[in-house]
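Chemist: Structure incoming, see below.
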Amino acid sequence: MTEAKHIAEEQRVAPWTDSESESVPFMHRSLARLLGTRTAAPLAKMGLETAGDLLRHYPRRYAEPGTLTPLSQLQEGEHVTVVAEIVSATVRHMRSRSGAMLQAKVTDGQQMLSLTFFAKRSGVLRMHEDKLKPGRTGLFTGTVSNYRGEIQLAHPDYLIVGVDAGDEDEAVAAASRPIPMYPATAAVPTWRIERCVATVLGQMRPTDLDDPLPASVRAARRLDTLFDAYKRIHQPENDTDWHRARRRFRYEEAFVVQSALVRRKQELKDLVAVARPVRTDGNSILAAFEQRLPFELTQGQLQVGEEIAADISETHPMQRLLQGDVGSGKTVVALRAMLQVVDAGGQAALLAPTEVLAAQHARSIEGMLGDLAFGGMLGGADNATRVTLLTGSMPTAEKKKALLEAASGQAGIVIGTHALLSDNVQFADLGLVVVDEQHRFGVEQRDALRAKGNNSPHLLVMTATPIPRTVAMTVFGDLEVSVLKGLPAGRAPVQTHIVPADNAAWMQRTWARAREEIDQGRRAYVVCSRIFADDDSGDSEPTTDSGFFADSDGLFAMPEGQSDGERDLVSVTELYGQLGAMPVFSGISIGMLHGKMSSVEKEAAMAQFASGEIQLLISTTVIEVGVDVPQASAMIIMDADRFGISQLHQLRGRIGRGSLPGVCLLVAPIKEESDAVVRLTALASTTDGFELAATDLELRHEGDVLGAAQSGRGSTLRLLRVMRDADLIAMARSDAEQIIAEDPELREHATLRVTIDEYLDQDTQKFLDRS
Ligand code: ADP
Ligand code: MG
Numbered sequence: 001m002t003e004a005k006h007i008a009e010e011q012r013v014a015p016w017t018d019s020e021s022e023s024v025p026f027m028h029r030s031l032a033r034l035l036g037t038r039t040a041a042p043l044a045k046m047g048l049e050t051a052g053d054l055l056r057h058y059p060r061r062y063a064e065p066g067t068l069t070p071l072s073q074l075q076e077g078e079h080v081t082v083v084a085e086i087v088s089a090t091v092r093h094m095r096s097r098s099g100a101m102l103q104a105k106v107t108d109g110q111q112m113l114s115l116t117f118f119a120k121r122s123g124v125l126r127m128h129e130d131k132l133k134p135g136r137t138g139l140f141t142g143t144v145s146n147y148r149g150e151i152q153l154a155h156p157d158y159l160i161v162g163v164d165a166g167d168e169d170e171a172v173a174a175a176s177r178p179i180p181m182y183p184a185t186a187a188v189p190t191w192r193i194e195r196c197v198a199t200v201l202g203q204m205r206p207t208d209l210d211d212p213l214p215a216s217v218r219a220a221r222r223l224d225t226l227f228d229a230y231k232r233i234h235q236p237e238n239d240t241d242w243h244r245a246r247r248r249f250r251y252e253e254a255f256v257v258q259s260a261l262v263r264r265k266q267e268l269k270d271l272v273a274v275a276r277p278v279r280t281d282g283n284s285i286l287a288a289f290e291q292r293l294p295f296e297l298t299q300g301q302l303q304v305g306e307e308i309a310a311d312i313s314e315t316h317p318m319q320r321l322l323q324g325d326v327g328s329g330k331t332v333v334a335l336r337a338m339l340q341v342v343d344a345g346g347q348a349a350l351l352a353p354t355e356v357l358a359a360q361h362a363r364s365i366e367g368m369l370g371d372l373a374f375g376g377m378l379g380g381a382d383n384a385t386r387v388t389l390l391t392g393s394m395p396t397a398e399k400k401k402a403l404l405e406a407a408s409g410q411a412g413i414v415i416g417t418h419a420l421l422s423d424n425v426q427f428a429d430l431g432l433v434v435v436d437e438q439h440r441f442g443v444e445q446r447d448a449l450r451a452k453g454n455n456s457p458h459l460l461v462m463t464a465t466p467i468p469r470t471v472a473m474t475v476f477g478d479l480e481v482s483v484l485k486g487l488p489a490g491r492a493p494v495q496t497h498i499v500p501a502d503n504a505a506w507m508q509r510t511w512a513r514a515r516e517e518i519d520q521g522r523r524a525y526v527v528c529s530r531i532f533a534d535d536d537s538g539d540s541e542p543t544t545d546s547g548f549f550a551d552s553d554g555l556f557a558m559p560e561g562q563s564d565g566e567r568d569l570v571s572v573t574e575l576y577g578q579l580g581a582m583p584v585f586s587g588i589s590i591g592m593l594h595g596k597m598s599s600v601e602k603e604a605a606m607a608q609f610a611s612g613e614i615q616l617l618i619s620t621t622v623i624e625v626g627v628d629v630p631q632a633s634a635m636i637i638m639d640a641d642r643f644g645i646s647q648l649h650q651l652r653g654r655i656g657r658g659s660l661p662g663v664c665l666l667v668a669p670i671k672e673e674s675d676a677v678v679r680l681t682a683l684a685s686t687t688d689g690f691e692l693a694a695t696d697l698e699l700r701h702e703g704d705v706l707g708a709a710q711s712g713r714g715s716t717l718r719l720l721r722v723m724r725d726a727d728l729i730a731m732a733r734s735d736a737e738q739i740i741a742e743d744p745e746l747r748e749h750a751t752l753r754v755t756i757d758e759y760l761d762q763d764t765q766k767f768l769d770r771s
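According to full-length UniProt numbering, the residues represented by the sequence shown are 1 to 771, in order.
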């Protein structure tokens with residue numbers, strides 16, 4: 001029971017005009033029509049313009065209804081519901097203030113209680129007076145206050161027996177309904193939304209709604225009809241009602257998404273690719289490369305390597321996601337696939353999330369290939385190819401050269417950022433696209449790249465973020481998944497410790513530890529969350545052309561509400577000055593790396609750090625993803641509580657990459673039992689990415705793992721939570737497969753087809769908005 005239902009003030013419902021009713025589907029009808037323009041205007045500001053918008057604006061939660069309190073037990077300040085009989089009700093104009101007041105007395109036969117209502121105009125109060133007739137019984141809900149020694153309820157909500165409810169039992173039942181609490185604004189409080197929803201629901205008929213869920217699925221899964229579900233989610237009689245309504249809507253979301261993915265997978269099956277089987281004529285660059293590999297491939301690398309090699313040998317395009325923890329050796333897996341394609345006369349493109357990473361890949365792949373990468377050059381091997389780096393910020397002349405190498409086919413391997421997606425990049429014969437370290441590479445980006453080949457190139461997406469199965473099913477539902485298990489042998493472990501930031505002795509020790517590593521010929525990273533002292537933006541855009549990859553920690557981003565605003569965070573530029581002046585670092589060469597440097601500067605810094613010219617690198621999270629400097633053995637993360645688990649895991653993955661044991665020091669203020677401390681403790685206790693992902697998910701209770709990931713699907717998935725709803729997603733997947741197998745064109749399921757298209761359109765729209 002709320003104010004909304006019972007105070008009639010300002011209720012301006014426009015008479016429903018029939019002109020719209022026949023032509024426009026109910027869900028598309030404008031709220032201005034249904035509610036009146038004055039009521040609809042503030043809703044429009046919240047993005048609610050149609051009946052569908054409003055009905056899909058689900059309550060965030062439901063407040064507990066009150067239980068009955070005897071009048072003798074009323075306590076000041078308590079929120080109570082009482083049953084009582086009305087003794088009197090009088091409207092009075094107030095002398096002291098402008099406006100009017102209604103005072104009513106109610107009783108349970110023993111005690112008396114006052115109810116008061118104030119209003120500017122007495123008209124509103126007359127409406128109350130009409131209902132609060134002496135002798136009637138009502139249920140009254142409000143907060144008990146004390147006015148001049150007398151307890152009272154000011155502006156209570158109420159239900160009158162015989163008016164709002166047939167009898168007392170019905171009134172009690174009505175009062176015990178869960179109260180929907182909507183996402184609201186100051187201009188539109190939740191009770192007002194509740195009332196608008198009631199008006200719209202009152203005009204809705206079962207035949208007004210087209211259900212995207214096939215009746216067979218609804219029956220098999222015991223799901224509410226759309227009509228019942230809207231009623232139950234907005235006007236539940238009890239908790240069971242809204243639970244089942246939510247379940248229905250969640251199922252619908254899962255079903256629509258899965259249907260879209262299943263259909264897409266079907267479409268992909270029809271695409272044609274050039275088969276690029278492994279070359280066995282003894283002159284293969286792949287075989288030559290494998291011979292000179294300085295290490296044995298791990299079992300995991302061999303196994304996923306076989307899966308990929310088999311896919312690439314097919315005449316329809318590979319669509320594969322390769323998951324492997326930080327440091328598991330994904331690059332060499334990808335390189336083998338690329339060389340298989342080069343052997344077959346095709347080209348491979350490797351797409352990295354940042355320019356730093358693209359440049360590093362180019363360097364290390366050239367390094368691994370040696371003279372096999374000198375194709376067409378003096379000293380190149382017979383079967384050599386060429387590795388070409390192409391990034392957005394390259395000088396024009398170099399870019400032209402790179403573009404030419406790609407277009408002519410001289411470059412067997414082209415490495416770049418998403419600049420490779422732009423129209424002016426042409427390939428002679430693109431056979432394989434590898435996307436590195438990017439779980440947010442959406443369907444549309446895949447399409448853009450696919451459009452570059454005459455046929456569809458094979459696609460390999462690699463990620464270090466452990467993606468739970470149901471997330472993979474939702475985000476990458478049209479891809480096959482390979483999991484690269486285990487790390488290369490001989491990896492020395494990384495020790496992780498938490499350092500209390502305010503403990504000067506510990507901090508001294510921390511810097512000394514970095515110095516010790518450097519003195520042994522190794523290198524150290526120091527990571528800060530800020531570039532400049534007065535900068536509150538962090539370095540979330542690692543490069544100037546970061547584009548889709550702006551938020552590099554999509555799946556497991558920093559939880560909200562962790563900030564303590566007051567604290568000064570350590571910045572790269574500040575710390576650069578401070579450490580340079582510290583005796584412990586005398587004679588050490590210190591460098592900086594952050595997103596505000598030009599890409600030439602960044603590349604230079606990385607190269608110098610790799611070569612040892614720079615021994616201590618102070619950096620932002622630019623280095624988070626994929627940077628590979630095997631001699632780096634120490635990492636000190638400042639304000640470590642500011643980072644999410646996955647981000648810290650990624651950062652830490654930058655050390656312990658060779659045979660050198662690593663040390664990672666997490667510097668943070670230690671507040672007992674904060675989530676941050678739990679996160680850091682988890683980090684210190686394991687280096688297993690899957691285990692950390694589980695901890696992360698536990699910590700973010702209702703957390704939306706998808707975040708705003710995947711081209712804005714966060715906004716589409718209103719109720720679905722990929723972790724919590726794992727079973728439901730799996731069910732929806734199998735239902736979707738069955739429906740689409742029976743009716744691939746969805747001829748019998750027009751509403752579903754339209755809903756899928758709307759869902760995909762929304763994605764496309766987001767994609768277009770960004771590019
Ligand atoms: P990630 O999976 O995080 O991208 P990388 O591909 O960068 O990992 O590999 C991490 C390091 O491990 C690199 O220095 C690489 O040369 C090395 N490496 C890869 N595979 C093996 C292996 N089988 N044995 C030893 N070292 C390996
Ligand atoms: Mg990598």
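Just so you know, even glycine gets a beta-carbon here, dropped at the ideal spot from N, CA and C.
In this text, all values refer to a predicted model and were calculated from it rather than measured experimentally.
#1: Comparing alpha-carbon positions, which option in P630, K485, V481 and E603 lies nearest A524?
#2: What does the alpha-carbon distance come out to for the pair S284 and L430?
#3: Quick one, which of I623, T396, L460 and A220 has its alpha-carbon nearest I655's?
#4: Evaluate H701 with the Cβ neighbour count: other Cβ atoms within 10 Å of its Cβ, from every protein chain shown; 16 or more gives buried, anything less gives exposed.
#5: Quick check on H594: buried or exposed, where buried means 16 or more other Cβ atoms within 10 Å of its Cβ?
#6: My understanding is that M462 touches V499, with C-beta atoms under 8 Å, so please give their C-beta distance in whole angstroms.
#7: Within 7 Å: the Cβ of K330 and any heavy atom of the ligand GTP?
#8: From this set, L293, L322, T315 and H316, which residue's C-alpha is nearest E306's C-alpha?
#9: Do I179 and L132 have their C-beta atoms closer together than 8 Å?
#10: Determine, for A381, whether the minimum Cβ-Cβ distance to residues of chain C falls below 8 Å.
#11: Flag Q301 as yes when its Cβ comes closer than 7 Å to any non-hydrogen atom of the ligand ADP, and as no otherwise.
#12: Could you please give the first and the last residue of the uninterrupted alpha helix (DSSP H) stretch that includes R733?
#13: Locate the beta strand (DSSP E) running through M394, then write down its first and last residues.
#14: In the DSSP output, what is F117 paired with across the bridge?
#15: Pick out whichever of S72, H649, G591 and E745 has its Cα sitting closest to the Cα of M112.
#16: Do you know offhand how far A198's Cα is from L68's?
#17: Just to confirm, is the Cβ distance from V356 to A373 under 8 Å?
#18: Return the chain-ordered list of same chain residues with a C-beta closer than 8 Å to the C-beta of P134, the five sequence neighbours on each side being excluded.
#19: When the Cα atoms are used, what is the spatial distance from S259 to T751?
#20: Do L432 and L390 have their beta-carbon atoms positioned less than 8 Å apart in this structure?
#21: Assuming contact is defined by CB atoms lying nearer than 8 Å, are L102 and F117 in contact in what I supplied?
#22: Whole angstroms are fine: how far does the CA of I413 sit from the CA of A288?
#23: Who does N146 pair with in a DSSP beta bridge?
#24: Is the stretch 334-347 close to the stretch 394-413, with three or more CB pairs under 8 Å?
#25: With H, G and I counted as helix, E and B as strand and the rest as coil, what does DSSP make of I636?
#26: If I measure Cβ to Cβ from V526 and keep anything under 6 Å in the same chain, skipping five residues before and after, which residues do I get?
#27: Any contact between the stretch 591-611 and the stretch 668-678? By contact I mean 3 or more CB pairs, one from each, below 8 Å.
#28: Should E290 be listed as close to the ligand ADP, given that the test is whether its C-beta is under 7 Å from any heavy atom?
#29: Just the C-alpha distance for A741 and H749, rounded to the nearest angstrom, thanks.
#30: Of the residues G376, A397, P294 and A604, which one's Cα is nearest the Cα of G367?
#31: State yes or no: is the C-beta of E296 nearer than 7 Å to some heavy atom of the ligand ADP?
#32: Take S328 and list the residues in its own chain whose beta-carbon comes closer than 6 Å to its own, dropping the five residues that flank it on each side.
#33: Could you tell me if G662 is buried or exposed, where buried requires 16 or more neighbouring beta carbons within 10 angstroms of its beta carbon?
#34: According to the neighbour-count rule (16 or more other Cβ atoms, all chains shown, within 10 Å of its Cβ), is P317 buried or exposed?
#35: Within this structure, are the beta carbons of G375 and A384 separated by less than 8 Å?
#36: What's the call for D130, buried or exposed, on a 16-neighbour Cβ count within 10 Å?
Modeler: According to the structure shown:
#1: Taking the first residue of the sequence shown as position 1, residue 524 is located at position 524. Looking at the Cα atoms, P630 is the closest of the given residues.
#2: Position 284 of the sequence shown, counting from 1, holds the residue named residue 284. Position 430 of the sequence shown, counting from 1, holds the residue named residue 430. Straight-line Cα distance between these residues: approximately 19 Å.
#3: As a first step, residue 655 must be located in the sequence shown, where it is residue number 655. Taking the Cα of I655 as reference, the smallest distance to any Cα among I623, T396, L460 and A220 is reached at I623.
#4: Counted from its first residue, the sequence shown places residue 701 at position 701. Since pLDDT at H701 reaches only 41, below the 50 mark, its modelled position is unreliable, and the value read off the structure follows with that caveat. By the C-beta density criterion, H701 is exposed, having fewer than 16 other C-beta atoms within 10 angstroms.
#5: One-based indexing of the sequence shown puts residue 594 at position 594. Flag for H594 reads buried.
#6: Position 462 of the sequence shown holds residue 462. Position 499 of the sequence shown holds residue 499. Incorrect: roughly 33 Å between the Cβ atoms, too far for contact.
#7: As presented, the structure is devoid of the ligand GTP, carrying the ligand ADP and the ligand MG as its sole ligands.
#8: The residue you call residue 306 lines up with position 306 of the sequence shown. The candidate whose alpha carbon is nearest that of E306 is L322.
#9: By one-based count along the sequence shown, residue 179 stands at place 179. By one-based count along the sequence shown, residue 132 stands at place 132. In this structure, L132 does not lie closer than 8 Å to I179 by Cβ.
#10: Structure shown: chain C not included; a single protein chain is present.
#11: As a first step, residue 301 must be located in the sequence shown, where it is residue number 301. True, at least one ligand heavy atom lies under 7 Å from that Cβ.
#12: On the sequence shown, position 733 is the one that residue 733 refers to. Per DSSP, the unbroken alpha helix (DSSP H) holding R733 starts and ends at A726 to E742.
#13: Looking up residue 394 in the sequence shown gives position 394. First-last for M394: undefined, no H or E at that position.
#14: Working through the sequence shown from its first residue, we reach residue 117 at position 117. DSSP, once it has assigned bridges, lists L102 as partnering F117.
#15: Walking along the sequence shown from the start, residue 112 turns up at place 112. For the options S72, H649, G591 and E745, the alpha carbon positioned closest to that of M112 is the one of S72.
#16: Sequence index remark: in the sequence shown, residue 198 carries index 198 (1-based). Sequence index remark: in the sequence shown, residue 68 carries index 68 (1-based). About 25 Å.
#17: The sequence position of residue 356 within the sequence shown is 356, counting from 1. The sequence position of residue 373 within the sequence shown is 373, counting from 1. Cβ distance not < 8 Å, so V356 and A373 don't count as in contact.
#18: Counting from 1 along the sequence shown, the entry for residue 134 is found at position 134. Closer than 8 Å at the Cβ level, and outside the excluded window around P134, lie I86, V87, S88 and A89.
#19: Locating residue 259 in the sequence shown gives position 259, counting from the first residue. Locating residue 751 in the sequence shown gives position 751, counting from the first residue. For S259 and T751, the gap between their C-alpha atoms comes out near 12 Å.
#20: Counting from one through the sequence shown, the residue named residue 390 turns up at place 390. Counting from one through the sequence shown, the residue named residue 432 turns up at place 432. Going by C-beta atoms, L390 is not nearer than 8 Å to L432.
#21: Walking along the sequence shown from the start, residue 102 turns up at place 102. Walking along the sequence shown from the start, residue 117 turns up at place 117. For the pair L102 and F117, the CB atoms are nearer than the 8 Å cut-off.
#22: By one-based count along the sequence shown, residue 288 stands at place 288. By one-based count along the sequence shown, residue 413 stands at place 413. Using only the alpha carbons, I get a separation of about 16 Å.
#23: The count along the sequence shown starts at 1 and reaches residue 146 at position 146. I151.
#24: Cβ pair count under 8 Å is three or more, so yes.
#25: Numbered from its first residue, the sequence shown carries residue 636 at position 636. I636 carries a strand assignment under DSSP once its states are collapsed to helix, strand and coil.
#26: Counted from its first residue, the sequence shown places residue 526 at position 526. Within the same chain, V526 has close Cβ partners I618 and I636.
#27: They do not touch, by the three-pair rule.
#28: By 1-based counting over the sequence shown, the position of residue 290 is 290. No; taking the cut-off as 7 Å, the Cβ of E290 has no heavy atom of the ligand ADP nearer than that.
#29: Residue numbering aside, residue 741 sits at position 741 when the sequence shown is read from its first letter. Residue numbering aside, residue 749 sits at position 749 when the sequence shown is read from its first letter. For the pair A741 and H749, the Cα-to-Cα distance works out to about 13 Å.
#30: The count along the sequence shown starts at 1 and reaches residue 367 at position 367. Of G376, A397, P294 and A604, the residue nearest in Cα terms is P294.
#31: Residue numbering aside, residue 296 sits at position 296 when the sequence shown is read from its first letter. Yes, the Cβ of E296 comes within 7 Å of a heavy atom of the ligand ADP.
#32: Here residue 328 refers to the residue found at position 328 of the sequence shown. Take S328, set aside five residues on each side of it, and the residues of its chain with a beta-carbon closer than 6 Å to its own are L484 and L487, in chain order.
#33: As a position in the sequence shown, residue 662 is number 662, starting the count at 1. Label assigned to G662: buried.
#34: The residue labelled residue 317 in the question sits at position 317 within the sequence shown. Buried, because 16 or more other Cβ atoms sit within 10 Å of the Cβ of P317.
#35: Walking along the sequence shown from the start, residue 375 turns up at place 375. Walking along the sequence shown from the start, residue 384 turns up at place 384. Yes, the Cβ-Cβ distance between G375 and A384 is below 8 Å.
#36: In the sequence shown, the residue the question calls residue 130 occupies position 130. Exposed, since its Cβ has fewer than 16 Cβ neighbours within 10 Å.
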